[in-house]
Amino acid sequence: MVSSDHIEPGRQGELKATVNLKGKRGRIVKTIQVQTNDPERPVVVLKLYATVKDPYHSQKFPADEIFHSPCRRCHIDRGMGKRGGPLFWADCLPCHQRGKTGPPVETMKKRPEEELYKAIQMGVPGTMMPGFSLYAGGPLTDADIKSLVEYIKNR
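Written out as C-alpha cells, the structure is:
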C-alpha cells in the first residue's frame with residue numbers, strides 16, 4: 024500500500040509491505056516493483072532485505088513443551104500414524120540432523136539398542152530430548168519406538 028497514488032517529482036511517499044514469514048528463517052529478500060510515469064525508468068525495483076529469527080528455537084523450553092502447540096506441529100503431528108523411517112523423517116529429523124541440537128543418526132546408530140530405546144522412551148536427562156512413550160506423556164507406543172530403533176540401527 025502506498026501513501027498516495029501520485030507523488031510529485033522530488034517528493035516522498037510511504038510504501039507499506041506485508042510479508043508472510045511462515046516457515047521462513049534466516050536472511051530473506053523480497054522484491055517490490057513500482058510503476059512510474061518516467062519514460063526512462065517506467066519500473067523501479069525495490070528490494071526488501073530482512074533477517075527472520077526463529078521464535079521457537081532461540082530459547083530453551085522444558086523438554087516436554089514439544090508435545091504442545093506450536094512445537095507439536097513440527098515435532099509430533101507430521102509423524103502421527105507412521106513408523107520407522109517415515110516417522111524418523113517426519114518428527115525426529117528436525118532435531119537429529121547434523122548441526123542441530125540432537126546427535127545425528129551416524130552417532131546414534133553406534134549406541135546399543137537398549138540405550139536408544141530408553142532414550143526415546145523416557146528421554147535424556149539434562150537435554151532437550153523428552154520421553155516420547157505414552158508412559159512418559161508422549162505419543163509413541165512400544166511398537167513405534169521399536170520401529171525407530173530398528174530404523175536408526177539399520178540406516
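For the sequence shown, this note's numbering assigns the number 24 to the initial residue and increments by one for each residue that follows.
All C-beta atoms in this analysis are idealised placements derived from N, C-alpha and C, irrespective of residue type, glycine included.
Values in this document were obtained by computation on a predicted structure and should not be read as measured data.
Between T164 and P148, the alpha-carbon positions lie close to 21 angstroms from each other. Counting along the chain, Q120 sits inside no alpha helix (DSSP H), nor does DSSP assign it H or E at all. Counting only runs of 4+ residues, the alpha helix (DSSP H) found wholly inside the stretch 45-108 occupies 95-98, in chain order. N60 and V68 have their C-alpha atoms spaced approximately 14 angstroms apart.
The beta-carbon distance between L171 and F111, rounded to whole angstroms, is 6 angstroms. This is short enough to meet the 8 angstroms contact definition. Taking C-alpha positions only, I99 is separated from Q144 by approximately 14 angstroms. With at least 16 other beta carbons inside 10 angstroms of its own, F155 counts as buried. A distance below 7 angstroms between beta-carbons, with the five flanking residues on each side excluded, links G161 to the following residues of its chain, in chain order: F90, P153, G154 and F155. Rounded to whole angstroms, Y174 and C118 show a C-alpha spacing of 16 angstroms.
The alpha-carbon separation between G36 and I30 amounts to approximately 7 angstroms. The beta-bridge partner set that DSSP reports for P162 is empty.
Measuring C-alpha to C-alpha distances from K141 to each of Q58, I168 and Y72 identifies I168 as the nearest.
Approximately 18 angstroms separates the beta-carbon atoms of A113 and R121; this is outside 8 angstroms, ruling out the contact. For L139, the uninterrupted alpha helix (DSSP H) run begins and ends at E136 to M145, by DSSP.
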